[in-house]
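Colleague:
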Amino acid sequence: MPKATETLLEIDLTALGDNYRYLTSKIAPKTKMLAVVKAYGYGSDSVAVAKELVALGIDYFAVAYAWEGEVLRDGAIETPILVLHPLPANFDLIVRRCMEPSIYSRKMLTDFIAFAEKQQQKEYPIHLKFNTGLNRLGFGKEDLEFIVEKLSETASVKVRSMFSHLAATEDKEQRTFTLRQIEAFRNHSEAVIQGIGYRPLLHTLNTSGILNYPEAQFDMVRSGIGLYGFGNDPKERTHLTPVATLKTVISQIHELPEGANVGYNMGHTTSKAGRTATLPIGHADGISRAYGKGKGWVNIHGKKAPIVGNVCMDMIMVDVTNIECKEGDEVIVFGNNPTAEELAAAIGSIPYELLTAISQRIKRVVYRK
Ligand SMILES: *Cc1c(COP(=O)(O)O)cnc(C)c1O
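Residue numbers for the sequence shown, in the numbering used here: 10 to 378.
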């Protein structure tokens, strides 16, 4: 890529392909791969990412909300799309754009069947979500009989898959809990299969699950963060490459005497004479105020330039006293150094949050190496 001359999020499709191949190398050849492209593809560009994954042979996509799937359909993505968190208000959009709802409660099942019947649908694909310990969304054991009965009364829907989400696949200390979740998932699914008389796809692993629980791959796995280059595990990190690089430039450099204030509310006062660089990126772009006052930093010519003072809406100021640089020079906010994971850790956060916070105001540039 040429040097950045403005704030850009670069999206490396070659890295995406490498991550995809690494993750698929960890699953059995017959196991399907679902790519999670919610939240703009973890803050990148969901259509560009989805197109690349289609070319690589992806089996399924998942989004959180129906309109995120609509963006994929508008982008000519024809692969099945699982909507993880639909609401009855979204049924019309889901069916109109041939998306497939996750059904997680008695009310959802009842309402969706009523909707499908009214539309005279036949065997419309749905996905049953089981709560096995995360206590977020999903049917419990006490709902299984209801599900089977409800499904036996209609031909308007057909269960395409059954799934569950695990609470702590990245945490080896929670292995007992995770294995209990997997066991509950197996039991719930088998009970429903007995009742409905056919076998939908089963899936329960996210990225860390793929890497830590190979015995629980079932028919499909769901990867998000791994595709974007993060593994929640130092050992796996070396096999994955960050897809997104956030770059900006130096707008202005200030030579400051000792005792000068920098930014709003005297957020920083220089302890000695030095230099700051002002960068065109701020909290409206996804750089939280929590990174201010020295917690966060950027990379300028390979050197660490700490953020000084408070993060403004459209700007940050960084200390470049010991860095040779000039106005117009390129700045790396995150990418390979620092990674989004390292930067997020500086404020007790995780790459998921930093990546998905990058606002739509920042231009996306997609490239291959
Ligand atoms: C977001 C999400 C995933 C992806 O998890 P990663 O840790 O990013 O791989 C998988 N399944 C469900 C239900 C999710 O909500």
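Backbone N, C-alpha and C fix where the C-beta goes; we use that ideal spot for every residue, glycine too. Keep in mind it's a predicted model, so treat the numbers as computed, not measured.
Thinking C-beta only, is residue 219 closer than 7 Å to residue 364?
Modeller: Along the sequence shown, one-based indexing puts residue 364 at 355. Along the sequence shown, one-based indexing puts residue 219 at 210. No, the Cβ-Cβ distance between residue 364 and residue 219 is not below 7 Å.
Colleague: Give the secondary structure of residue 33 by DSSP, where H, G and I count as helix, E and B as strand, and everything else as coil.
Modeller: Your numbering for residue 33 matches position 24 in the sequence shown. If DSSP states are grouped into helix, strand and coil, residue 33 belongs with the helices.
Colleague: Taking the runs of the alpha helix (DSSP H) that are 4 residues or longer, which of them lie wholly in the stretch 154-234?
Modeller: The stretch 154-234 contains these whole alpha helix (DSSP H) runs: 184-205 and 216-221.
Colleague: Flag residue 32 as yes when its Cβ comes closer than 6 Å to any non-hydrogen atom of ligand 2, and as no otherwise.
Modeller: Ligands displayed in this structure: ligand 1; ligand 2 is not among them.
Colleague: Just to confirm, are residue 177 and residue 187 a CB contact at a threshold of 7 Å?
Modeller: Residue mapping note: residue 177 aligns to position 168 of the sequence shown, counting from 1. Residue mapping note: residue 187 aligns to position 178 of the sequence shown, counting from 1. Taking 7 Å as the Cβ cut-off, residue 177 and residue 187 qualify as a contacting pair.
Colleague: Which class does residue 72 belong to by DSSP, given the choice of helix, strand or coil?
Modeller: What you label residue 72 is simply residue 63 of the sequence shown in a count that begins at 1. DSSP places residue 72 in strand when its eight states are reduced to three.
Colleague: Runs of 3 residues minimum, wholly inside the stretch 93-140: which ones carry the beta strand (DSSP E) assignment?
Modeller: Correct list: 109-112 and 133-139.
Colleague: For residue 275, count neighbouring C-beta atoms within 10 Å of its own C-beta (all shown protein chains included) and say buried if the count is 16 or more, exposed if not.
Modeller: Position 266 of the sequence shown holds residue 275. So residue 275 ends up on the exposed side.
Colleague: State whether the stretch 350-369 contacts the stretch 303-310, with contact taken as three or more CB pairs (one from each stretch) at a distance under 8 Å.
Modeller: With a cut-off of 8 Å, the stretch 303-310 and the stretch 350-369 count as touching, because enough Cβ pairs lie within range.
Colleague: Using DSSP with H/G/I as helix, E/B as strand and the rest coil, what is residue 370?
Modeller: For this step, residue 370 is matched to residue 361 along the sequence shown. Residue 370 falls in the coil class under three-state DSSP.
Colleague: Check this for me: beta carbons of residue 194 and residue 141, under 7 Å apart or not?
Modeller: As a first step, residue 194 is located in the sequence shown; it is residue number 185 there, counting from the start. As a first step, residue 141 is located in the sequence shown; it is residue number 132 there, counting from the start. The answer is yes: Cβ separation under 7 Å.
Colleague: Going by beta carbon distance, what residues of the same chain come within less than 6 Å of residue 159, once the five residues before and after it are set aside?
Modeller: Position 150 of the sequence shown holds residue 159. Closer than 6 Å at Cβ, skipping near neighbours: 118.
Colleague: Between the beta-carbon of residue 253 and the beta-carbon of residue 266, is there less than 7 Å?
Modeller: As a first step, residue 253 must be located in the sequence shown, where it is residue number 244. As a first step, residue 266 must be located in the sequence shown, where it is residue number 257. Contact: no.
Colleague: Using the three-state DSSP reduction, which class does residue 81 fall into: helix, strand or coil?
Modeller: In the sequence shown, residue 81 corresponds to position 72, counting from 1. Residue 81 falls in the helix class under three-state DSSP.
Colleague: Give a yes or no on contact between the stretch 318-338 and the stretch 239-254, applying the rule of three or more CB pairs nearer than 8 Å.
Modeller: No, because fewer than three Cβ pairs between the stretch 318-338 and the stretch 239-254 fall closer than 8 Å, the two stretches do not touch.
Colleague: Going by DSSP, name the residue or residues bridged to residue 342.
Modeller: What you label residue 342 is simply residue 333 of the sequence shown in a count that begins at 1. Residue 342 pairs with nothing; no bridge assigned.
Colleague: Helix, strand or coil for residue 248 per DSSP?
Modeller: Here residue 248 is taken as the residue at index 239 of the sequence shown, counted from 1. In this structure, residue 248 counts as coil in the three-state DSSP scheme.
Colleague: Residues bridged to residue 312 by DSSP?
Modeller: Along the sequence shown, one-based indexing puts residue 312 at 303. DSSP output for residue 312 lists 309 as bridge partner(s).
Colleague: Using 10 angstroms around the beta-carbon of residue 44, count the other beta-carbons present and answer buried if the total reaches 16, otherwise exposed.
Modeller: Locating residue 44 in the sequence shown gives position 35, counting from the first residue. The residue in question, residue 44, is buried, as its Cβ has 16 or more Cβ neighbours within 10 Å.
Colleague: Starting from the C-beta of residue 309, find all residues in its chain whose C-beta is less than 6 Å away, skip the five residues before and the five after it, and write them out in chain order.
Modeller: Taking the sequence shown and counting its residues from 1, one reaches residue 309 at position 300. Answer for residue 309: 332, 334 and 340, listed in chain order.
Colleague: Select from 122, 116, 366 and 139 the residue whose C-alpha is nearest the C-alpha of residue 131.
Modeller: Sequence index remark: in the sequence shown, residue 131 carries index 122 (1-based). If we check each option's Cα against that of residue 131, 122 comes out closest.
Colleague: Just the Cα atoms here: how many angstroms apart are residue 236 and residue 373?
Modeller: The sequence position of residue 236 within the sequence shown is 227, counting from 1. The sequence position of residue 373 within the sequence shown is 364, counting from 1. Their Cα atoms are separated by approximately 18 Å.
Colleague: Does DSSP put residue 323 in a helix, a strand or coil?
Modeller: Counting from one through the sequence shown, the residue named residue 323 turns up at place 314. It is coil, neither helix nor strand.
Colleague: Could you check which residue in 28, 17, 15 and 10 has the C-alpha nearest to that of residue 216?
Modeller: Position 207 of the sequence shown holds residue 216. Of the listed residues, the one whose Cα sits closest to residue 216 is 28.
Colleague: How close, in whole Å, do the beta carbons of residue 102 and residue 76 come, if the pair is a contact with beta carbons under 8 Å?
Modeller: As a working note, residue 102 is residue 93 in the sequence shown. As a working note, residue 76 is residue 67 in the sequence shown. Contact holds; Cβ gap of about 7 Å.
Colleague: In three-state DSSP terms, what is residue 299?
Modeller: Working through the sequence shown from its first residue, we reach residue 299 at position 290. Residue 299 falls in the helix class under three-state DSSP.
Colleague: Give me the Cβ distance between residue 18 and residue 255, rounded to the nearest whole Å; I'm assuming they're in contact under 8 Å.
Modeller: Translated into positions along the sequence shown, residue 18 becomes position 9. Translated into positions along the sequence shown, residue 255 becomes position 246. Sure, about 5 Å apart at Cβ, within 8 Å.
Colleague: Three or more C-beta pairs closer than 8 Å, one from the stretch 146-159 and one from the stretch 52-72: is that the case here?
Modeller: The answer is no - the stretch 52-72 does not touch the stretch 146-159, with fewer than three Cβ pairs under 8 Å.
Colleague: Tell me whether the beta-carbon of residue 326 lies closer than 7 Å to the beta-carbon of residue 317.
Modeller: Within the sequence shown, numbered from 1, the residue matching residue 326 stands at position 317. Within the sequence shown, numbered from 1, the residue matching residue 317 stands at position 308. Cβ atoms of residue 326 and residue 317: closer than 7 Å.
Colleague: Residue 172 and residue 138: beta carbons closer than 7 Å?
Modeller: Residue 172 sits at position 163 when you count from the first residue of the sequence shown. Residue 138 sits at position 129 when you count from the first residue of the sequence shown. For residue 172 and residue 138, yes; Cβs fall inside 7 Å.
Colleague: Does the distance from the CB of residue 371 to the CB of residue 52 come in under 7 Å?
Modeller: Locating residue 371 in the sequence shown gives position 362, where the first residue counts as 1. Locating residue 52 in the sequence shown gives position 43, where the first residue counts as 1. Their beta carbons are not under 7 Å apart, which means residue 371 does not touch residue 52 by this criterion.
Colleague: Would the C-beta of residue 249 count as close to ligand 1, meaning under 6 Å from any of its heavy atoms?
Modeller: Position 240 of the sequence shown, counting from 1, holds the residue named residue 249. No.
Colleague: Could you check where the beta strand (DSSP E) with residue 60 kicks off and where it finishes?
Modeller: Position 51 of the sequence shown, counted from the start, is the residue given in the question as residue 60. Premise fails: residue 60 lies in the alpha helix (DSSP H), 55-65, not in any beta strand (DSSP E).
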